[in-house]
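>
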Amino acid sequence: MSYRGRGRGGGYNNNNNNYQHKSNFGNSQQNVDAFVAANAYPIEIVGWNGASSSDCINFISRKCRIVVSNYSVDHNTGVLKGYVKNESQANELLNWSGVKFAGQSLRFSKGLSTLSNQMGGGPASGAGSTIETITNFLKGRYQPEIKMLNLNGVKQDATLNAQGFFASVSVTSKFFPALMKIASDLKIDVESVDLSNNELSDLQAVTSMTQSFPKLKNLSLQNNNLAKTKVFETWKHKLNFLRELILFNNPIVQTTNPAEIQEIKLELMRCFPRLVVLNGEVLRNEQALEANSTSPFGCQAMFFQDEDIKNVATNFVANYLNLWDTNRGNLMVLYQNESQFSMQLDTSHPHLIEDANTSSNIDFGNYMPYSRNLTRISSGKARMSKVAIGTEQIFKSFQQLPKTKHNLVENPNSFSMECYKYVPLNGIVITVHGSFEEVAQPEIADTSASQGSRGGRFHSQSRHKKPNLSKKSFDRTFIVLPGPNGSMVVASDLLLIRPFTSEIPWLNQAASVQTSSQPPSTATSVPGQQPLNGLPGPNAQATPAPSASIPPVVELPPEIKSNLQLPQQELLVKIIVETKLNLQYAIMLCEQSQWDYNQSMVNFKNSASSLPRDAFI
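Numbering (UniProt numbering), first residue to last: 1 to 617.
This is how it looks when you write it as C-alpha cells:
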C-alpha cells in the first residue's frame with residue numbers, strides 16, 4: 001500500500017468510509033445524489049465538427065485534463081453538449097476556448113441551466129423555473145399568424161424583472177443567448193423580429209439570433225444605441241434572407257451627410273445580400289435581385305450554354321465519376337504537369353444536416369489534413385502546400401481521400417450540373433453538385449493524424465483509430481481544356497466537401513434540362529456579391545442612354561427584360577460589353593448611376609479596383 005493511495009482516500013480510511021456508507025442506506029443515497037449533482041454542470045462546445053464527437057471528448061480529456069460525461073449532439077444547432085464535475089471545471093474549460101482541434105478552434109460555454117443558477121437568489125430561480133419563465137415569455141410574445149416574435153422593450157417586462165433576469169450586467173448579458181436557445185428548441189417559425197427599445201449598443205448579446213432564425217426576413221432595431229455599421233459585421237452573410245431592416249432613432253442613421261448615408265447603405269447591403277428596404281426606402285430592384293440570387297441558374301437542375309457543351313459535359317462527368325469510384329489511376333490521363341487539384345472542407349453549417357441518424361456519425365478526419373479552406377488557413381506557405389500540381393502529386397492526393405460511390409446512374413435527380421464556355425482558354429467550366437457514400441478508407445493513410453495526441457501507452461489505441469465512413473455532399477468544379485488529338489485536359493480541379501443534407505433544392509420545383517445561348521454572366525450571380533458605390537434613391541428616374549444595338553452574343557433573360565424599358569435594356573447590355581461585369585453587378589451599376597451612361601462609366605472606374613474577381617465575366 002502506498003502513501004499516495006492513503007492520501008487520496010485509499011487504504012483503511014477508504015474501507016472505513018465504505019463500511020459507513022453500507023451501514024446507512026439513507027446516507028448512501030444522499031451521497032449518490034450529491035455525486036450526481038456534482039457531475040451535472042452543463043457545458044456546450046462548438047467548432048468540433050472536424051471530427052467525431054467522441055474524438056472531441058477524448059481530445060478534451062487529454063488536452064484539458066477534464067472529463068466531459070453524458071455528451072450528445074443537438075442536431076438542430078450542431079452544438080456538442082455535455083456535463084463536467086463542477087462550475088470550477090466549467091470555468092477552466094472556458095479558458096481553453098480557441099484551442100485547435102481537427103483544424104478548427106473549439107469554443108466552450110456554460111450550458112443553459114448555468115444561467116438559472118446565476119439569475120436571482122429567490123427560491124423560484126431554479127433551472128426549471130428559469131426555462132419555464134423564458135418559455136412562457138416567448139409564447140406570449142410570438143404571433144404565429146404573421147410569424148413575428150415581438151421582443152420590444154424586453155428589459156421593461158415586469159415578469160422578467162421580478163425573476164431578477166436584469167439584476168446585474170453579467171446576468172443581463174446571459175439572458176438573450178438563453179432566450180434564443182430556448183426559441184430554437186421550441187422550433188417556432190419566425191420571419192420577423194422586433195428588437196426595438198432594448199438599449200443595444202452592439203449585437204454581441206443577440207448574435208445567436210442568426211442561428212435561431214437563419215431565414216429571418218424582417219427586423220426592427222429602432223430606438224437602440226447602434227452607432228456604426230461595424231456592429232453588423234458579426235451578422236455578415238448570416239441573415240441571407242433579410243429583406244427589410246428598420247434602424248430609426250439609432251445614432252447610425254442620424255447623419256445628414258449624403259456620402260455617409262450612401263456608405264451606410266452600401267455596408268448594410270454587403271452584410272445582407274437580399275436587403276431591399278431600409279427604413280422604408282427601397283434600395284434596389286427586388287425582382288431583378290430575386291431573379292439573380294434565388295439559385296445559380298434559375299430552378300433547373302442543369303444548365304448548359306449550348307447543345308455541344310451539354311454533350312461534352314455530361315459524357316465527361318459520367319465517365320469521370322465512374323472512374324473516381326472504381327479506378328482513380330485511370331483518370332491521370334486527363335491531367336498534365338501544369339494541372340492543379342485542391343480540396344477543401346466546409347463544416348460550418350451544422351443546421352443543414354437533416355438526417356439525425358447520420359449526423360452524429362459524420363467524421364471529417366480523412367479530409368482535415370488536406371483541406372485548403374482559405375477562411376481557416378491564412379499562411380501563404382500552408383496554402384501552397386495544400387495544392388497538388390502535376391500528375392504525381394494529384395494522384396497521391398486522390399489516394400489520400402476515401403473510396404466513394406456516386407449514385408449517378410441509380411439516382412440522377414440528386415445531382416446538378418452547370419457548364420459554360422471559358423473563352424480565354426477556349427475551354428469549358430463544369431460544376432457538379434451532389435452527394436456520395438464513403439465505402440472504404442483511403443489507400444494512403446494520413447501519417448499526421450495523431451500529431452495532436454500525446455505519446456504514452458494510454459493513447460496508442462485512439463491514435464490509430466480510423467475515421468468513420470459516412471455520406472457527404474460535395475461541389476466539384478473543373479476547368480477542362482482541349483488537348484492534343486481531340487483529347488481533354490483538366491487544368492483545374494476544385495473539390496468541396498460538405499456535411500450531407502437530404503434536402504435537394506433543385507427538386508423543390510420542376511427539374512428540367514435547359515439549353516440556352518446566353519452566356520453565364522447574364523444568367524447567374526454568385527451569392528453574397530457586393531454592390532457598387534453610389535446607391536440611388538427609391539424614386540430615381542431612368543435616364544435614356546445613348547442608343548446601342550444589342551450584340552447577338554448578349555441576350556438578357558426574359559425576367560430582366562420584363563422589368564426594364566428598351567433604353568435601359570440597351571444601356572445594360574452596353575455596360576456588360578464595355579465593363580465585362582456580370583449581370584448582377586451591371587444592374588447594380590446602372591441603378592446606382594440612375595441609368596445614366598456617363599455616370600455609370602465614372603462610377604465603374606472609381607470602383608473597379610475594389611471589386612471581387614467574380615464580379616466580372
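Cβ coordinates follow ideal geometry from the N, Cα and C atoms, glycine included.
Looking at residue 389 and residue 307, is the spacing between their C-beta atoms short of 9 Å?
Going by C-beta atoms, residue 307 is not nearer than 9 Å to residue 389.
> Nearest to residue 303 by CA position, among 234, 421, 193, 236, is which residue?
Ranking the options by Cα distance to residue 303, first place goes to 421.
> With residue 498 as the anchor, note down where its beta strand (DSSP E) starts and where it stops.
First-last of the beta strand (DSSP E) with residue 498: 488-499.
> Less than 9 Å separating the beta-carbons of residue 394 and residue 475?
No, Cβ-Cβ distance for residue 394 and residue 475 is not below 9 Å.
> If you run the structure through DSSP and keep just helix, strand and coil, what is residue 543?
Residue placement at residue 543 is poorly supported in this model, since its pLDDT is 35, which falls under 50; the coordinates still yield a value, given next. The answer is coil: DSSP assigns residue 543 none of H, G, I, E or B.
> How many angstroms separate the CA atom of residue 148 from the CA atom of residue 362?
Cα-Cα distance, rounded: 34 Å.
> Can you have a look at residue 406 and say buried or exposed, based on whether 16 or more other CB atoms are within 10 angstroms of its CB?
Residue 406 should be labelled buried.
> For residue 197 and residue 152, which I take to be in contact (beta-carbon distance under 8 Å), what is that distance rounded to the nearest angstrom?
Going by Cβ atoms, the distance from residue 197 to residue 152 rounds to 6 Å, so yes, they are a contact pair.
> Suppose only complete runs of 3+ residues qualify. What are the beta strand (DSSP E) ranges in the segment 371-419, listed by chain order?
Correct list: 403-405.
> Quick one: grab the DSSP three-state call for residue 165.
Reduced to three states, the DSSP call for residue 165 is coil.
> Between which two residues does the alpha helix (DSSP H) harbouring residue 62 extend?
Its alpha helix (DSSP H) spans residues 53-64.
> Do the segment 414-429 and the segment 365-379 touch if we need at least three Cβ pairs shorter than 8 Å?
Counting Cβ pairs under 8 Å, fewer than three are found: no touch.
> DSSP on residue 587, reduced to helix/strand/coil?
Note: residue 587 maps to helix in three-state DSSP.
> If you draw a straight line from the C-alpha of residue 286 to the C-alpha of residue 328, how long is it?
So the two alpha carbons sit approximately 46 Å from each other.
> Helix, strand or coil: which one does DSSP assign to residue 24?
Model confidence at residue 24 stands at a pLDDT of 42, short of 50, so the residue's coordinates are unreliable; what they give is reported in the following sentence. Coil.
> Is residue 433 buried or exposed, if buried means 16 or more other CB atoms sit within 10 Å of its CB?
Buried is the call here.
> On the three-state DSSP scale, how would you describe residue 328?
DSSP places residue 328 in helix when its eight states are reduced to three.
> Tell whether a beta-carbon distance below 9 Å holds between residue 257 and residue 222.
No, Cβ-Cβ distance for residue 257 and residue 222 is not below 9 Å.
> For the alpha helix (DSSP H) containing residue 610, name the first residue and the last one.
Looking at the DSSP string, residue 610 is not in any alpha helix (DSSP H), and its letter there is neither H nor E.
> Measure the alpha-carbon distance for residue 613 versus residue 504 and round it to whole angstroms.
Taking the straight line joining both Cα atoms gives about 29 Å.
> Among residues of its own chain, excluding the 5 on either side of residue 94, which ones have a beta-carbon nearer than 6 Å to its beta-carbon?
So the qualifying residues of the chain are 108.
> Here's the rule: buried if 16 or more other CB atoms are within 10 angstroms of the residue's CB, otherwise exposed. What is residue 582?
Residue 582 should be labelled buried.
> Please determine whether the Cβ atom of residue 491 lies at a distance below 8 Å from any heavy atom of the ligand COA.
This structure simply doesn't include the ligand COA, nor any ligand for that matter.
> Measure how close the beta-carbons of residue 323 and residue 489 come, nearest whole angstrom, since I'm counting them as under 8 Å.
No, residue 323 and residue 489 are not in contact; Cβ-Cβ is about 16 Å, not under 8 Å.
> Quick check: residue 73 and residue 67, are their CB atoms within less than 9 Å of each other?
Going by C-beta atoms, residue 73 is not nearer than 9 Å to residue 67.
> Note down, in chain order, each residue of its chain lying with its Cβ closer than 6 Å to the Cβ of residue 610, except the 5 sequence neighbours on either side.
Cβ within range, chain order: n/a, list empty.
> Excluding five sequence neighbours on each side, which residues of the same chain lie with their C-beta closer than 7 Å to the C-beta of residue 53?
Closer than 7 Å at the Cβ level, and outside the excluded window around residue 53, lie 71, 73, 80, 360.
> In terms of residues, what are the limits of the alpha helix (DSSP H) holding residue 95?
Start and end: 87-95.
> Write down every uninterrupted run of the beta strand (DSSP E) in the segment 222-301 whose length is 3 residues or greater and which is fully enclosed by it, in chain order.
Within the segment 222-301, the complete beta strand (DSSP E) runs of at least 3 residues are 244-246, 296-299.
> DSSP beta-bridge partners for residue 637?
Missing from the structure shown is residue 637; the chain here goes from 1 to 617 and no further.
> Would you be able to state if there are at least three C-beta pairs under 8 Å between the segment 584-602 and the segment 309-321?
No: fewer than three Cβ pairs fall under 8 Å.
> Measure the Cβ-Cβ separation of residue 150 and residue 143 and say whether it is below 9 Å.
Cβ atoms of residue 150 and residue 143: closer than 9 Å.
> Report buried or exposed for residue 466, applying the criterion of at least 16 other Cβ atoms within 10 angstroms of its Cβ.
Classification for residue 466: exposed.
> DSSP state of residue 603, grouped into three classes?
Of the three classes helix, strand and coil, the one that applies to residue 603 here is helix, per DSSP.
> Report, in whole angstroms, the separation of the C-beta atoms of residue 571 and residue 597, which I expect to be a contact under 8 Å.
Confirmed, about 6 Å.
> Under 8 Å Cβ to Cβ from residue 590, same chain only, skipping five residues before and after it: list those, please.
Here the set comprises 568, 571, 572, 575, 600.
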